[in-house]
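In the numbering used here, the protein residues as written are 294 to 1006.
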Amino acid sequence: MNQTLSIAVDNDGIALLTIDVQGRPMNVVTPDFMEELTAAIQQISTSPAIKGAVITSAKADFMAGADLKWLLASHEKITDAKSAMAFAWPLNELFRKLETCGKPIAAAINGTALGGGLELALACHYRVAADNQTARIGLPEVLVGLLPGAGGTQRLPRLIGIHDALMIIIEGTHLSVQEALAKKIFHKVVPQDQLIRVAREWILDGGIGVQPWDTKGFKVPGGAGGMDPRSAQLFMGGTALVSKRTQHNYPAPIAIMSAVYEGTQVPIETGLKIESRYLSTLLLSPVSRNMIRTMFVNKGAAEKGARRPADVPVRKVSTVGILGAGMMGASIAYISARAGMQVKLLDSTIEKAEKGKQYSEKLVAKDVERGRSSAAKGAELLSRIQTVSGYADLTGCDLVVEAVFEDRTIKADVTRQAEAVIPSTAIFASNTSTLPITSLAEASARPANFIGVHFFSPAEKMPLVEIIVGKQSSAETLACAIDYVIQLRKTPIVVNDSRGFYTSRVFATFTNEGMTLVGEGVSPALIENVARQAGMPVGPLAVLDEVTLELAYHVTEQTRRDLGASYKDASGWPVLRKMMEVLKRPGKRYGHGFYDYPADARKSLWAGLSEHFPLAKAQPEAEEVRKRLLYIQALETARCVEERVLTNPIDGDLGSILGWGFPPWTGGTLSFIDTVGIKDFVAECKQMAELYGPRFAPSAWLEARAAIGQNFY
Ligand code: NAI
294 MNQTLSIAVD NDGIALLTID VQGRPMNVVT PDFMEELTAA IQQISTSPAI
344 KGAVITSAKA DFMAGADLKW LLASHEKITD AKSAMAFAWP LNELFRKLET
394 CGKPIAAAIN GTALGGGLEL ALACHYRVAA DNQTARIGLP EVLVGLLPGA
444 GGTQRLPRLI GIHDALMIII EGTHLSVQEA LAKKIFHKVV PQDQLIRVAR
494 EWILDGGIGV QPWDTKGFKV PGGAGGMDPR SAQLFMGGTA LVSKRTQHNY
544 PAPIAIMSAV YEGTQVPIET GLKIESRYLS TLLLSPVSRN MIRTMFVNKG
594 AAEKGARRPA DVPVRKVSTV GILGAGMMGA SIAYISARAG MQVKLLDSTI
644 EKAEKGKQYS EKLVAKDVER GRSSAAKGAE LLSRIQTVSG YADLTGCDLV
694 VEAVFEDRTI KADVTRQAEA VIPSTAIFAS NTSTLPITSL AEASARPANF
744 IGVHFFSPAE KMPLVEIIVG KQSSAETLAC AIDYVIQLRK TPIVVNDSRG
794 FYTSRVFATF TNEGMTLVGE GVSPALIENV ARQAGMPVGP LAVLDEVTLE
844 LAYHVTEQTR RDLGASYKDA SGWPVLRKMM EVLKRPGKRY GHGFYDYPAD
894 ARKSLWAGLS EHFPLAKAQP EAEEVRKRLL YIQALETARC VEERVLTNPI
944 DGDLGSILGW GFPPWTGGTL SFIDTVGIKD FVAECKQMAE LYGPRFAPSA
994 WLEARAAIGQ NFY
């Protein structure tokens, strides 16, 4: 006892159950908690001295959901329906025991109550919450590919009606305490210091220990079932909407709708069983495991510095110099100042530097206008950005980010000028998107302090930063670059040097495959729709228009020059060349690319495409196109592992989802291979190599891994 909760009975016969899961900043559901709650319920229900109980928390917040690390570890043991149900049912059963223990139970919700925490409160007969402005209330399980499996899909609709419950459960939205009160999830909201008193009074005033749904004649508010026109209409529309939004890549929202639809037509006991069965199906699908692993456990660890060399002390960046105040420099200046750093922004003229600062001014004005920041805070942020006219002003910088033109000579020049004035311990970080870091470091007098820190555009929106370790970058430099990214509250991944590093290199295979398909006469609409159905945020042709075909063309030309005789044209090159040289459609910025961009209407695929790239008589199956678009990215990621550009599958997975939008349901490019099964993946790649070309051919290294079934995780 006492690992997770304590129980104290007062003179009035009220038991105060205080949850305090040891060693955790937040109360989470763990096996210990379940065991101790079982004992507490037994004591409450059988002890004649206990009239009722108040459940609260000793921490700042009430309780969050299941411990995700425990959940992830449990996934290994869930192999069939029986083992899935053995995992899913006990907590559900336990909360049912609580609400049927025969004594009145009040939840005194002192702060955030999410997932299992809110489900615990819903299994109490009375819910009073503290007027806590920062508390978040909700059932966010859908965000990790699961459903609220401790009664959430059954009690919430019975309490507030199916429509409102589904909005909360399917969206995974967080409500404030006042919103939860307005939705009648809570009975009362009181000042924090009165919380326990009000909960006790409810019991002493004769609070009843029976749930509404356990009383005779109970009806779900707003109706339930297929025969009730209100509910029937809701489910018809809702199913279509969910299908459109998830494209059936995410099983959880449909499982939630099914559990609510079926479960609300039967007594709660049966409803809870139905819920656990649907949770079991989700536990058996790889989607939730992949999402939890990459997007929660590993993302969280990366943001705490999992990849930084452990023996190097943390180094806080106070002053950062930014060279080049163009699109990227301006946006990096903003996020650095937002994170509290002093910024020195330099361009070739002071006017250009000022223009770069205007970017921050616009963002700050927008935030103030929308109430996301105060005028005073905005002014303070802007005062941290100092535009400078010469290198002498860069003395005292802990770190310099270079974001000048993508030109070796210019980059070499600014490196030398900055290094002449910055402290010898300062880090020099290049934001180059294509030039190998080791070669840029040749211009540096201190190559150990030189590193790549690759932001994505626009930096204030994009969550990922790709750190590129050059041949001579030191462990201290890597640690400092990671510390800087953590200060910016972004997710760092660490990769080794390579042409296009990791993210740009793999992303290019997606756009190349899109252009190759166009060249083969596959309908552009099919290509674009299938990519989006697979879960990519936009199709390959639309995204090429966005980044411009011009950029892809220049990168190709540069690579051709750099590689000389060993350069081989990519399969999409004929289409790219024709679009640029003959058809002169360089992308969205110019008003025309694969799409037309009329000023007064939505973009649409350019009608002329079929004239210049005639459609093939036989069009491929959608599944074939989908496979080509996803497999080529996963295969290139595997090549990055083989070449040690990636030294860790976590960087590959995080980078693919956060960097260029590889579908989150996969868990990332390498989780995708593991999920397909490496043997099948390699066999299918071989088939595709025969059909579509050698870019699909797996290497001997990958074939050897497949032969012994060696996963990336
Ligand atoms: P940009 O053309 O918008 O800005 C470059 C800025 O550098 C201009 O303001 C220019 O006046 C300034 N500049 C040029 N020579 C200079 C010198 N000698 N001293 C001081 N300032 C000088 O270019 P953008 O897009 O901001 O790119 C900058 C760097 O970031 C490039 O290396 C690019 O490859 C990289 N990058 C670009 C991304 C993008 O989406 N645009 C994404 C990630 C990296």
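Backbone N, C-alpha and C fix where the C-beta goes; we use that ideal spot for every residue, glycine too.
Fair warning: this is a prediction, and the values are worked out from it, not measured in the lab.
Cβ neighbour criterion (16 or more within 10 Å) applied to residue i
{"i": "Gly793", "result": "buried"}
{"i": "Phe698", "result": "exposed"}
{"i": "Ile501", "result": "exposed"}
{"i": "Ser667", "result": "exposed"}
{"i": "Asp838", "result": "buried"}
{"i": "Leu534", "result": "exposed"}
{"i": "Ile549", "result": "buried"}
{"i": "Glu412", "result": "buried"}
{"i": "Phe803", "result": "buried"}
{"i": "Glu821", "result": "buried"}
{"i": "Arg665", "result": "exposed"}
{"i": "Asn742", "result": "buried"}
{"i": "Gly683", "result": "exposed"}
{"i": "Val503", "result": "exposed"}
{"i": "Arg586", "result": "buried"}
{"i": "Gln447", "result": "buried"}
{"i": "Gly807", "result": "buried"}
{"i": "Leu687", "result": "buried"}
{"i": "His747", "result": "buried"}
Where residue i falls: helix, strand or coil (DSSP)
{"i": "Leu638", "result": "strand"}
{"i": "Met550", "result": "helix"}
{"i": "Ala428", "result": "coil"}
{"i": "Gln826", "result": "helix"}
{"i": "Thr784", "result": "strand"}
{"i": "Met356", "result": "strand"}
{"i": "Phe965", "result": "helix"}
{"i": "Thr702", "result": "helix"}
{"i": "Ser524", "result": "helix"}
{"i": "Ser903", "result": "helix"}
{"i": "Thr727", "result": "coil"}
{"i": "Leu842", "result": "helix"}
The beta strand (DSSP E) enclosing residue i, as first and last residue numbers
{"i": "Ala401", "result": "Ile398 to Ile402"}
{"i": "His418", "result": "Where His418 is concerned, there is no enclosing beta strand (DSSP E), given that its DSSP letter is neither H nor E."}
{"i": "Phe1005", "result": "From DSSP, Phe1005 is part of no beta strand (DSSP E); its letter is neither H nor E."}
{"i": "His885", "result": "Taken as a continuous stretch (DSSP letters only), His885 belongs to no beta strand (DSSP E), as it is neither H nor E."}
{"i": "Leu757", "result": "Leu757 to Val762"}
{"i": "His747", "result": "Phe743 to Phe748"}
{"i": "Phe721", "result": "Ile720 to Ser723"}
{"i": "Thr311", "result": "Ile307 to Ile312"}
{"i": "Ser299", "result": "Leu298 to Val302"}
For residue i, the first and last residue of its enclosing alpha helix (DSSP H)
{"i": "Glu328", "result": "Pro324 to Thr339"}
{"i": "Leu733", "result": "Ile730 to Leu733"}
{"i": "Leu939", "result": "Taken as a continuous stretch (DSSP letters only), Leu939 belongs to no alpha helix (DSSP H), as it is neither H nor E."}
{"i": "Phe380", "result": "Ala374 to Glu392"}
{"i": "Thr809", "result": "Thr796 to Gly812"}
{"i": "Gly345", "result": "Careful: Gly345 lies outside any alpha helix (DSSP H), inside the beta strand (DSSP E) at Gly345 to Ser350."}
{"i": "Ile463", "result": "Ile455 to Glu464"}
Below-8 angstroms beta-carbon distance, residue i vs any chain C residue
{"i": "Asn385", "result": "Considering every chain present, this structure includes no chain C. It has just one protein chain."}
Distance cut-off 7 angstroms: residue i Cβ against heavy atoms of the ligand COA
{"i": "Ile628", "result": "This structure lacks the ligand COA; the ligands present are the ligand NAI."}
So, do the region 769-781 and the region 910-922 have three or more beta carbon pairs nearer to each other than 8 angstroms? Judged by Cβ distances under 8 angstroms, the region 769-781 makes no contact with the region 910-922, as fewer than three pairs qualify.
Are the region 319-333 and the region 294-311 in contact at 8 angstroms, needing three or more beta carbon pairs? With the cut-off at 8 angstroms, the region 319-333 and the region 294-311 touch.
Whole beta strand (DSSP E) elements within the region 552-628, 3-residue minimum: Fully enclosed beta strand (DSSP E) runs of 3 or longer: 612-616.
Does the region 962-976 come close enough to the region 925-942 to have 3 or more Cβ pairs within less than 8 angstroms? Yes: at least three Cβ pairs fall under 8 angstroms.
Counting Cβ pairs, one atom from each stretch, are 3 or more of them under 8 angstroms apart for the region 562-575 and the region 454-461? No, they do not touch.
Note down, one range per segment and in chain order, each alpha helix (DSSP H) of at least 4 residues found wholly within the region 466-494. Here the runs fully enclosed are 470-475.
Taking 8 angstroms as the cut-off, does the region 424-442 touch the region 508-519 (at least 3 CB pairs, one atom from each stretch)? Touching, no.
Would the region 823-834 and the region 876-883 be scored as touching if the rule is three or more Cβ pairs under 8 angstroms? Cβ pair count under 8 angstroms is below three, so no.
Are there three or more Cβ pairs, one per stretch, closer than 8 angstroms when the region 899-906 is compared with the region 844-854? When Cβ pairs closer than 8 angstroms are counted between the two stretches, the region 899-906 is seen not to touch the region 844-854, the count staying below three.
Looking at C-beta atoms only, is the number of pairs between the region 693-707 and the region 723-741 that lie closer than 8 angstroms three or more? Because the criterion of three Cβ pairs below 8 angstroms is met, the region 693-707 and the region 723-741 touch.
Is there contact here, the region 647-662 with the region 623-633, by at least three beta-carbon pairs under 8 angstroms? By the Cβ rule, the region 647-662 counts as touching the region 623-633, because three or more pairs are nearer than 8 angstroms.
Count Cβ pairs between the region 428-440 and the region 489-498 that sit closer than 8 angstroms; are there 3 or more? Contact fails between the region 428-440 and the region 489-498, because fewer than three Cβ pairs, one in each stretch, are under 8 angstroms apart.
Curious, which full-length beta strand (DSSP E) runs of at least 3 residues does the region 669-717 contain? Qualifying beta strand (DSSP E) stretches, in chain order: 678-681 and 692-695.
Spell out a yes or no on whether the region 395-408 and the region 597-605 are touching, meaning 3 or more CB-CB pairs, one atom from each, closer than 8 angstroms. Below 8 angstroms, too few C-beta pairs join the region 395-408 and the region 597-605 to call them touching: fewer than three.
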